[in-house]
Amino acid sequence: MLSSPRTAAQKRRDLRTLLAPGAARPFPGAFTPLSAKLIEEKGFPGVYISGAVIANELGLPDVGLTTLSEVAARGAQIARSTDLPCLIDADTGFGEPMNVARTIQEFEDAGLAGCHIEDQVNPKRCGHLDGKTMVDLDTAVQRIRAAADGRRDEDFLIMARTDLRATDGLEAAIERMRALVDAGADAIFPEALKDLGEFERVCAALDVPVLANMTEFGKSRLFTREQLASAGVAMVIYPVTLLRSAMGAAERVLETILETGTQEARVPEMLTRARLYELVDYESYDRFDTSVFDFEVPAEHRTDLTPPSTKE
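Using numbering that gives the first Met the number 0, the letters of the sequence shown map in sequence onto residues 0 to 311.
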């Protein structure tokens, strides 16, 4: 109730335990605290928080417009709601190396288990769009080194993302990944690899866990967990899947209301009231409320004699 009983420190240790090469642990992207609860209930081992999703929720494109405070606040809301470790997208770190160090500490304070920082020029672009521009190697290394130096909890996971595959090819990207590991990255996120063979080559070249991004409508095929596990991948994210699914359903029900004047035809597709109450654990809140307010005010002492409303 209210917040997860697991501490941030416990969740960070959980994340590190999960990231075993070849495990291909699935981390769906949560777009709300409620969706994180659903991810946990369904038995997934962790939660991913996409920077693109946070931007899109604000009605913005994923071009580096969100601020550290906006991202940290949303990350804290989601992390609070679940026992699972949450990995969050830090974009380019929200500024120069000193800002990157502050970003890490803000995320630690928010209860997150780790983050990834990328090597694009800011303002950045979605990793699966063309026209990306990369920073030079020294700048990319400085970002990761600042992140590693800035953290106070050694279990907070620092992941380095590189988009260099799109501009300079796989071999150059692998060389950069090695340099980022040397700078302090605990894990690597190679964005927009073209095929399973490229995942195999990256995993074989590195001694740290590797993440695979299985986003829809992107550069990479939607490989199965089994395929990615066989390539040596440690973690698989589905960053925008739930948001796209929810918004697709929302669009369809709005169109139905316009066309028919009622949502009735779409009701069977909706989460029922009982299921929603179950997901938010309404019953435990009700028990807590009753345990605190377990008396009735005598009528003669009440100033408002209107009968109390019943719960919906």
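The beta carbon of each residue, even a glycine, is placed where N, CA and C say it ideally should be.
Query raised in the report: From Ser3 to Thr65, what distance separates their C-alpha atoms?
Result: As a first step, residue 3 is located in the sequence shown; it is residue number 4 there, counting from the start. As a first step, residue 65 is located in the sequence shown; it is residue number 66 there, counting from the start. Near 26 Å, if we compare the C-alpha coordinates of Thr65 and Ser3.
**Report entry** Exposure of Leu205, with buried meaning 16 or more beta-carbon neighbours within 10 Å
**Finding:** Within the sequence shown, the letter at position 206 stands for residue 205. Classification for Leu205: buried.
Report task. Can you check DSSP and say which residues form a bridge with Met234? Result -> Start at 1 with the first residue of the sequence shown, and residue 234 comes out as number 235. DSSP lists Arg24, Leu210 as partners of Met234.
Query raised in the report: Taking the alpha helix (DSSP H) that Gly149 falls in, what are its first and last residues?
Result: Taking the sequence shown and counting its residues from 1, the one referred to as residue 149 is at position 150. It spans 136-149 - the alpha helix (DSSP H) in which Gly149 sits, taken as one unbroken run.
Query raised in the report: Just how far apart, CA to CA, sit Leu57 and Gly247?
Result: Along the sequence shown, one-based indexing puts residue 57 at 58. Along the sequence shown, one-based indexing puts residue 247 at 248. Looking at the two C-alpha atoms, the distance is approximately 17 Å.
Query - Limits of the alpha helix (DSSP H) - the one that Ala51 falls within - result: Position 52 of the sequence shown, counted from the first residue, corresponds to residue 51. Where Ala51 is concerned, the enclosing alpha helix (DSSP H) stretches over 50-56.
Report task. Using DSSP bridges, identify the partner residues of Gln9. Result -> Numbered from 1 along the sequence shown, position 10 holds the residue referred to as residue 9. Gln9 is not bridged to any residue.
Report task. State the Cα-Cα distance for the pair Arg142 and Arg272, rounded to the nearest angstrom. Result -> Residue numbering aside, residue 142 sits at position 143 when the sequence shown is read from its first letter. Residue numbering aside, residue 272 sits at position 273 when the sequence shown is read from its first letter. When rounded, the distance between both Cα atoms is 46 Å.
Query - Limits of the unbroken alpha helix (DSSP H) element including Asp88 - result: Here residue 88 refers to the residue found at position 89 when the sequence shown is read from its first residue. Taken as a continuous stretch (DSSP letters only), Asp88 belongs to no alpha helix (DSSP H), being part of the beta strand (DSSP E) at 85-88.
Query - Whole-Å CB distance - Asp61 paired with Ala51, under 8 Å assumed - result: Stepping through the sequence shown from its first residue, residue 61 is reached at position 62. Stepping through the sequence shown from its first residue, residue 51 is reached at position 52. Rounded, the Cβ-Cβ distance is 4 Å, consistent with contact.
Query raised in the report: Nearest-angstrom Cα distance between Tyr47 and Asp152?
Result: What you label residue 47 is simply residue 48 of the sequence shown in a count that begins at 1. What you label residue 152 is simply residue 153 of the sequence shown in a count that begins at 1. Their Cα atoms are separated by approximately 20 Å.
Query raised in the report: Can you tell me where the alpha helix (DSSP H) with Gly247 in it begins and where it stops?
Result: Taking the first residue of the sequence shown as 1, we reach residue 247 at position 248. From DSSP, the alpha helix (DSSP H) with Gly247 extends over 240-259.
**Report entry** Strand pairing of Cys114, partner residues [DSSP]
**Finding:** As a working mapping, residue 114 is identified with position 115 in the sequence shown. Partner(s): Ile87, Ile157.
Requested in this report: Determine the contact status of Ile157 and Ala182, defining contact as a CB-CB distance below 7 Å.
Outcome: If you number the sequence shown from 1, residue 157 lands on position 158. If you number the sequence shown from 1, residue 182 lands on position 183. Cβ distance not < 7 Å, so Ile157 and Ala182 don't count as in contact.
Report task. Pull up the distance between the alpha-carbon of Asp148 and that of Ile103, whole angstroms please. Result -> Taking the sequence shown and counting its residues from 1, the one referred to as residue 148 is at position 149. Taking the sequence shown and counting its residues from 1, the one referred to as residue 103 is at position 104. Computed Cα separation, rounded: 9 Å.
Requested in this report: Check the C-beta distance from Ala139 over to Asp118 and give it rounded, since I have them as a contact under 8 Å.
Outcome: Position 140 of the sequence shown holds residue 139. Position 119 of the sequence shown holds residue 118. Confirmed, Cβ separation roughly 4 Å.
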